[in-house]
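K.L.:
Quick mapping for you: the protein sequence lines, in order, are chains U, V and E. Quick note: the first sequence, position 163, residue 163 per my numbering, numbers continuous. Quick note: the second sequence, position 296, residue 594 per my numbering, numbers continuous. Quick note: the third sequence, position 177, residue 1041 per my numbering, numbers continuous. Every residue, glycine too, gets a C-beta built ideally from N, C-alpha and C. Every value quoted in this text rests on a predicted model; they were computed, and no experiment measured them. Let me give you the structure first, and then I'll get to my questions.
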Amino acid sequence: MSGIEAALNLHRPRALPARGKLPRGLLARLWTHRGGRIGLILCLILAVLSALGPSILPHEPNWPDYASTLLGPSAEHWLGTDATGRDVLSRLLDAGHRSLGAAMLVLVSIYGIGLVVGVIAGVSGGVVDTVLMRLVDVLMTIPGMVLAFAIVGILGPGFHNLILALIIADWAYYARLARSYVLNAAGQPYITAARLAGVPFHRILIQHIIPPAAIQLAIVASLGLGGTIGAIAGFSFLGLGSQPPHAEWGAMLSESRFYFPIAPWLLLAPAGLILVSVVAVNLIGNALRDVLDSGADK
Amino acid sequence: MNAPTLPLLSVDNLSLTYAGGNHAVRGVSFALQPGECLALVGESGCGKTSIARAVIGLLPRSTNTSGHIRFGGEDLLAAPERRLQHLRGLSIGYVAQDPFEACDPLTTIGGHLAESWKAHGLPVPRDEAAAQLSAIGITNAARRLRQYPHQWSGGMLQRAAIAAATAHRPPLIVADEPTSALDADHADLTLNLLRAAGTAVLLVSHDLDLVARHADRIAVCYAGQIVEIGTAEQVGLNPRHPYTRRLSLALPRSRGVLPLPLPGSPPRLDQPIEGCAFAPRCSSAEPQCRTQAPPPAAVACWHPPQASAPARALASPRLTQPRDETIVVKGQALARRYGLFEALSHADLSVCRGEIVGIGGPSGGGKSTLLRLLGTIEAPSAGTLSFGFPTRRKRMAGGRLVDQAAPGMVMPVFQDPSGSLDPRWPIWRSLTEPHTLGRWPFNRTAQKQSARQHLETVGLGHLDIEARPSELSLGQCQRIAIARAIAARPALVIADEPTSALDAAATATVVGLLDALAANGTAIVMVSHDRKLLDSLCDRVLTMHDGRLYPDGSNALAGAAALTAS
Amino acid sequence: MAAALAATLIVWLILPLAPGDPVLRILAAQGIDEPNELQIDVLRAELALDRPLPVQYIEWLGRVVQGDLSVSYRTGQPVLTEIASRLPATALLLGTALAFSVFFSLILALIAVHFRDRWPDRIIRAYTQITASVPTFIFALLVLQYVVLGLGIGKVLPRGLGWLVLLPALTLAIDRAGGWTQLLRASLLEHIHSGPVLVARSRGATRWRTLWRHALPNSLLPYITAIGVSLGAMIGGTPIIEEIFTWPGLGRLMLLSIQARDFPVIQAFVLLGALCYVTASMLVDLVSMAIDPRLREAHP
């Protein structure tokens, strides 16, 4: 590589140390990444809060207490109360596993289905490939959110219906991506070398083709997780997701909409938490992309 | 030579450091007279491209420069951007390496030619573009001008680029590897065209032989410095600096004489270099060379070898072996069609044990397709193939029965070394794949041991077996790919442009490895666009053109016809 | 094309799969709560619901092409009328938002590249990072809270269309433009260091000229493709945005229909979404071919 090319490569902003070998383990590499470290810490906090949330509630999240409506943040209620006197912090903690857990469930399902379909299509070729890709094309003709709305419309509002709707609406995009990654990996010269050396096809598939496809798809998925969290919150905001009295961050925003002018904490607390979750997830997604992609180029 | 005239371009102790600490140019000085052609020769990373860009003033903004570049008395390094912008195109022209990469695919050819005027806000003279095209031998100008770059061939496009660069008859042209992306036949034509303009040319190239034919003077670059400068005869035929001598030896020249590999690699440029930069690799290095850098001179060396000692004495002939008539693969009337496109129309070929067969010819002629057929990667659409090694019958999708080589009987070497190895695997795993065949669990220690041995056979025993391909150089990756091929103990090795991505030193090493492989009994079929390489290494050289295979020599007429048609 | 046709199949499937009896729902919507046998049979025959499924699909397709999208279960009005009455509002909102987004992202990307690594670039990059992390509806809520109510700009309950579209459109635009700016900026940077720009500058072109004449046209292709794809996402986002800003458009209609289990309207919404996507894709293809001559070879 000439000096000019090396210099031009350095023009791209990098959050990783430019010199020296990167540590080999994935977590270690994420830790050295500037954004990755913050993202990891935030995600850890969020995960702990989601998991433990329901067990450490300071107050009862769902029962109204009309004596303490619309109180501002105080020592008793760290984030204030809502229009029916429910403690905001408790509701947020109670909703954590619902809002975030559902997003993870949706994403993992989309990823899994997309990867399986993409691998089958890419590896089989021929009729199977054509049929699967036609299905994917057809599904992608309908914009994702529109399809999700329609499915919720048919099945009726409800948290489980929402999860199902989001899964059905988005898996096609991942399938198509997975297929292109599989085809890309299969076209590499080292695959031909392995075939000629006599490695059986199923081992080539498992050891050479699927891992890079799975990893690249995971990078895309991690960048899409933020959108999924936002979508679940948004649908619940519209009343199409979590049904009362179960707390959910987006639903909390819609419940208290009309009180925002006089009780801004009712807007800022749930919105802030949603924001932090999306930021944390995006940081990790960007870090993953920087770390995993930079291992491949010279 | 003549009475001293004022040089057109005078580079004085130029030093360049890029933003990442890469000290790419370290005190370079030379002068260029009007009308003269000076060639900067060296391998990639030696700084020649950086010098060229510095002259035209198009270095990245963050580059640290020192020294002077005087053009007609004016210091270009101190000039403001407005002044440089005015000089470019009008007084200093530039020709890039790859015409396709240098041409905006969205602009017509006519637009490209007109850019030379429009960039300066000048009106485009009528019929100028058409005149330019006919000057470079392209007819039917009206239609051609409306076409886009992707519709032209590389040779034509580069000639048009030269026309655009010389539109204002600038006194100086900087040409950065103008022929590296072209087929060998076009290289001489293109350089002749460049010189015909009569201007001074600063020619950057890695091909010593080519510039010896076209340049007036040659300056050899190594590690950011000029190590030798002199007339084309002096440097091209009788070089005196140890590096230049080894460089010219590493180039394939004559039939049956292998290029001599150059051990080691150039020093890293982001650290200070003590003493002579070439000392670690120099066979005549003295203690003084390691501590004191030789001053810039016509030959920058403390102890240049005697001019009379013939350099050729070091070259090694090919390893000879007794002739073995056992046929490894034989193809008759081979043809391959992809839908309507006929990649291969007729090929007859037979390869014996230990033989190296070279296939040359223009790109797109079907050479890679032939290799794939010989290696049983694909099945021919017509014709027969018979093999001297074990094969298996396999049923294809359409129900046909085809022969496939048994595991490890045929192994490939590819053009792109970095794509030859799985980037996520440590090299020991890639090296032992032909043995393990991916079976789990395998004995890691035994495999790593075996991997070390394979690395030894290609001279890379010092490498860390846990390294990933991205941490190694292209030359090293290619040698590892060859080691993997050897590990499978194949009867046939198919090599598709195995050296085109490598520099001269790595090429010479790879050539040596292939020669040793053939001496051991493996047949090799090799495709390359470098005729001299094929001539020096192969037992037989065939040419492939438009899907047909010709024995060596008979393609001369067809080649000439093809050139005039474009 | 075939994909679009197959998509209509999926859209049509909504009706047979949906729970409830369409005939009873339609009659109820038209005010007939206790229909007699005759009314039921007449309507059933009219809607071809007594024929086998494939025939139903063909009949439905025929009706759709003629503009007959059945009747809303909620209001009893023809679906087409319902949609037509709300369409102008949504079209105005999305159109304005799209125009602003394109305008912003173009200018911001050009500025960011021209001043790369200096403070304008840093600010613009920060902006793209922030908008990438904030879900659209949260941004809208914050705008509503602090701009509309806080600064008194715009109305909470807009009456009539016209200038009031500016606020929701701008909110949507600012949120969307971030991603496009990022894409365009990265693309421009890639082309600035490319061969064509180097050669153009070597002929004497200024930085600005190469940016405008070489880097930008080459960067437009992925940019336009992203816009085309985004359009579908924007349509899907209308329910939320319109709900927050109380904009009387298709999105709110969709919400009402979902709550009322009004399947024909839902179906029509999906059909509209698919139609927009297909149209946008075709437009993107046409524009791409107009820009890039290499794409013209494949489609003679």
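Could you give the C-beta distance for Thr1195 (chain E) and Ala893 (chain E), rounded to a whole number, given that I count them as a contact under 8 Å?
P.N.:
Because chain E here runs from 865 to 1164, residue 1195 (chain E) falls outside it and cannot be looked at.
K.L.:
Comparing C-alpha positions only, which one of V:Ile471, V:Leu835, V:Arg381 and V:Leu508 sits nearest to His484 (chain V)?
P.N.:
As a working note, residue 484 (chain V) is residue 186 in the second sequence. It is V:Leu508 whose Cα lies nearest to the Cα of His484 (chain V).
K.L.:
Could you name the residues that DSSP lists as bridge partners for Lys628 (chain V)?
P.N.:
Residue 628 (chain V) sits at position 330 when you count from the first residue of the second sequence. Answer by DSSP bridge pairing, in chain order: V:Ser648 and V:Ser684.
K.L.:
How many whole angstroms separate the CB atoms of Ala193 (chain U) and Pro710 (chain V), which I take to be in contact at a CB cut-off of 8 Å?
P.N.:
For the purposes of this step, residue 193 (chain U) is taken as residue 193 along the first sequence, with counting starting at 1. For the purposes of this step, residue 710 (chain V) is taken as residue 412 along the second sequence, with counting starting at 1. That pair is a contact at about 6 Å.
K.L.:
Looking at Leu535 (chain V): is its Cβ nearer than 8 Å to the Cβ of Ala498 (chain V)?
P.N.:
Stepping through the second sequence from its first residue, residue 535 (chain V) is reached at position 237. Stepping through the second sequence from its first residue, residue 498 (chain V) is reached at position 200. No, the pair does not count as a contact, with Cβ atoms beyond the cut-off.
K.L.:
How many Å lie between Arg538 (chain V) and Gly686 (chain V) at the Cα?
P.N.:
Numbered from its first residue, the second sequence carries residue 538 (chain V) at position 240. Numbered from its first residue, the second sequence carries residue 686 (chain V) at position 388. Distance between the alpha carbons of Arg538 (chain V) and Gly686 (chain V): 49 Å.
K.L.:
Looking at the unbroken beta strand (DSSP E) that takes in Cys335 (chain V), where does it start and where does it end?
P.N.:
Translated into positions along the second sequence, residue 335 (chain V) becomes position 37. Counting along the chain, the beta strand (DSSP E) containing Cys335 (chain V) begins and ends at Cys335 to Val339.
K.L.:
Are the beta-carbon atoms belonging to Leu847 (chain V) and Leu840 (chain V) less than 8 Å from one another?
P.N.:
Here the question's residue 847 (chain V) lines up with position 549 in the second sequence. Here the question's residue 840 (chain V) lines up with position 542 in the second sequence. Cβ distance < 8 Å, so Leu847 (chain V) and Leu840 (chain V) count as in contact.
K.L.:
Ignore the nearest five residues each way along the sequence and tell me which others in Ala789 (chain V)'s own chain have a CB closer than 6 Å to its CB.
P.N.:
Locating residue 789 (chain V) in the second sequence gives position 491, where the first residue counts as 1. Cβ neighbours of Ala789 (chain V) beyond the five flanking positions: Val626, Phe687 and Met707.
K.L.:
Relative to the C-alpha of Thr363 (chain V), which residue among V:Pro570, V:Glu676 and V:His321 is closest?
P.N.:
Looking up residue 363 (chain V) in the second sequence gives position 65. Nearest C-alpha to Thr363 (chain V): V:His321.
K.L.:
Ala296 (chain V) CB to nearest chain U CB: under 8 Å?
P.N.:
Chain V is shown only over 299 to 864; residue 296 (chain V) falls outside these bounds and no answer can be derived.
K.L.:
Along chain U, in chain order, which residues have C-beta atoms closer than 7 Å to that of Met1118 (chain E)?
P.N.:
As a position in the third sequence, residue 1118 (chain E) is number 254, starting the count at 1. The answer, in chain order, is Phe149.
K.L.:
Is the beta carbon of Leu240 (chain U) closer than 8 Å to that of Leu147 (chain U)?
P.N.:
On the first sequence, position 147 is the one that residue 147 (chain U) refers to. On the first sequence, position 240 is the one that residue 240 (chain U) refers to. No; because the gap between Cβ atoms is not below 8 Å, this pair is not in contact.
K.L.:
Mapping DSSP to helix, strand and coil, what is His208 (chain U)?
P.N.:
By one-based count along the first sequence, residue 208 (chain U) stands at place 208. Three-state result, His208 (chain U): helix.
K.L.:
Taking the Cβ atom as the reference point for each residue, do Thr992 (chain E) and Gly1042 (chain E) lie within a distance shorter than 8 Å?
P.N.:
In the third sequence, the residue the question calls residue 992 (chain E) occupies position 128. In the third sequence, the residue the question calls residue 1042 (chain E) occupies position 178. Cβ atoms of Thr992 (chain E) and Gly1042 (chain E): closer than 8 Å.
K.L.:
From V:Leu306, V:Ser478, V:Arg351 and V:Ser432, pick the residue whose C-alpha is nearest to that of Ser798 (chain V); which is it?
P.N.:
By one-based count along the second sequence, residue 798 (chain V) stands at place 500. Comparing alpha-carbon positions, the option among V:Leu306, V:Ser478, V:Arg351 and V:Ser432 lying closest to Ser798 (chain V) turns out to be V:Ser478.
K.L.:
I'd like the ranges of any alpha helix (DSSP H) spanning at least 4 consecutive residues and lying wholly in the segment 163 to 239 of chain U.
P.N.:
189 to 197, 201 to 204 and 210 to 237
K.L.:
Below 8 Å on C-beta distance, what does Ala530 (chain V) contact in chain U?
P.N.:
Here residue 530 (chain V) refers to the residue found at position 232 when the second sequence is read from its first residue. Per Cβ cutoff of 8 Å: no residues; Ala530 (chain V) is ~24 Å from chain U at best.
K.L.:
For Tyr636 (chain V), list the residues DSSP reports as bridge partners.
P.N.:
By 1-based counting over the second sequence, the position of residue 636 (chain V) is 338. Looking at the DSSP assignment, Tyr636 (chain V) forms a beta bridge with V:Phe639.
K.L.:
If distances are taken between C-alpha atoms only, which option among E:Leu1013, E:Val919 and E:Leu1047 comes closest to Ile1031 (chain E)?
P.N.:
By 1-based counting over the third sequence, the position of residue 1031 (chain E) is 167. Residue 1031 (chain E) is actually Leu in this sequence, not Ile. Checked all of E:Leu1013, E:Val919 and E:Leu1047; the closest Cα to Leu1031 (chain E) is E:Leu1013.
K.L.:
Can you have a look at Arg610 (chain V) and say buried or exposed, based on whether 16 or more other CB atoms are within 10 angstroms of its CB?
P.N.:
For the purposes of this step, residue 610 (chain V) is taken as residue 312 along the second sequence, with counting starting at 1. Residue placement at Arg610 (chain V) is flagged as unreliable, the pLDDT there being 49, under the threshold of 50; the coordinate-derived value follows with that caveat. Answer is exposed; the Cβ neighbour count stays below 16.
K.L.:
Would you call Phe1003 (chain E) buried or exposed, if buried means 16 or more other Cβ atoms sit within 10 Å of its Cβ?
P.N.:
In the third sequence, counting from the first residue as 1, residue 1003 (chain E) sits at position 139. Under a 10 Å Cβ-count criterion, Phe1003 (chain E) is classified as buried, with 16 or more other Cβ atoms of the shown protein chains found around its own Cβ.
K.L.:
Quick one: which chain V residues come within Cβ less than 7 Å of Thr141 (chain U)?
P.N.:
For the purposes of this step, residue 141 (chain U) is taken as residue 141 along the first sequence, with counting starting at 1. Ordered by position in chain V, no residue passes the 7 Å Cβ test against Thr141 (chain U), which lies about 29 Å from the chain.
K.L.:
Within a Cβ cutoff of 6 Å, which residues of the same chain sit near Ser236 (chain U), ignoring the five residues on either side of it in sequence?
P.N.:
Residue numbering aside, residue 236 (chain U) sits at position 236 when the first sequence is read from its first letter. These residues qualify, in order along the chain: Ser242, Glu248, Gly250 and Ala251.
K.L.:
Contact between the segment 554 to 566 of chain V and the segment 353 to 368 of chain V is defined here as three or more beta-carbon pairs at a separation below 8 Å; is this criterion met?
P.N.:
no
K.L.:
Taking the straight line between their C-alpha atoms, what separation do you get for Pro883 (chain E) and Pro211 (chain U)?
P.N.:
The sequence position of residue 883 (chain E) within the third sequence is 19, counting from 1. The sequence position of residue 211 (chain U) within the first sequence is 211, counting from 1. Answer to the nearest angstrom: the Cα atoms are 43 Å apart.
K.L.:
Can a CB atom of chain V be found closer than 8 Å to the CB of Tyr190 (chain U)?
P.N.:
Counted from its first residue, the first sequence places residue 190 (chain U) at position 190. Cβ-Cβ to chain V under 8 Å: yes for Tyr190 (chain U).
K.L.:
DSSP three-state label for Phe369 (chain V), please.
P.N.:
The residue given as residue 369 (chain V) occupies position 71 in the second sequence. In this structure, Phe369 (chain V) counts as strand in the three-state DSSP scheme.
K.L.:
Using DSSP with H/G/I as helix, E/B as strand and the rest coil, what is Glu379 (chain V)?
P.N.:
Against the second sequence, residue 379 (chain V) aligns to sequence position 81. Helix at Glu379 (chain V).
K.L.:
In the DSSP output, which residue or residues are listed as bridge partners for Pro916 (chain E)?
P.N.:
Along the third sequence, read from residue 1 onward, the residue named residue 916 (chain E) stands at position 52. Bridge partners of Pro916 (chain E): none, in fact.
K.L.:
Can you tell me which of the three DSSP states Gly658 (chain V) falls into?
P.N.:
Position 360 of the second sequence holds residue 658 (chain V). Gly658 (chain V) sits in a strand when the DSSP states are folded into three classes.
K.L.:
Tell me which residue opens and which closes the beta strand (DSSP E) that Tyr848 (chain V) is part of.
P.N.:
One-based indexing of the second sequence puts residue 848 (chain V) at position 550. Note, Tyr848 (chain V): beta strand (DSSP E), Arg846 to Pro849.
K.L.:
Our contact map puts Val472 (chain V) next to Ile390 (chain V) with C-beta atoms below 8 Å; I'd like the distance itself, whole angstroms only.
P.N.:
Position 174 of the second sequence, counting from 1, holds the residue named residue 472 (chain V). Position 92 of the second sequence, counting from 1, holds the residue named residue 390 (chain V). With a Cβ gap of about 7 Å, Val472 (chain V) and Ile390 (chain V) count as contacting.
K.L.:
Please classify Pro157 (chain U) as buried or exposed, where buried requires at least 16 other C-beta atoms within 10 Å of its C-beta.
P.N.:
Position 157 of the first sequence, counted from the first residue, corresponds to residue 157 (chain U). By the neighbour-count rule (16 or more Cβ atoms within 10 Å), Pro157 (chain U) is buried.
K.L.:
Taking C-beta to C-beta, are Leu404 (chain V) and Gln430 (chain V) nearer than 8 Å?
P.N.:
In the second sequence, residue 404 (chain V) corresponds to position 106, counting from 1. In the second sequence, residue 430 (chain V) corresponds to position 132, counting from 1. No, these two residues do not count as a Cβ contact at 8 Å.
K.L.:
Are the C-beta of His448 (chain V) and some C-beta of chain E separated by less than 8 Å?
P.N.:
Within the second sequence, numbered from 1, the residue matching residue 448 (chain V) stands at position 150. It does; some Cβ of chain E falls within 8 Å.
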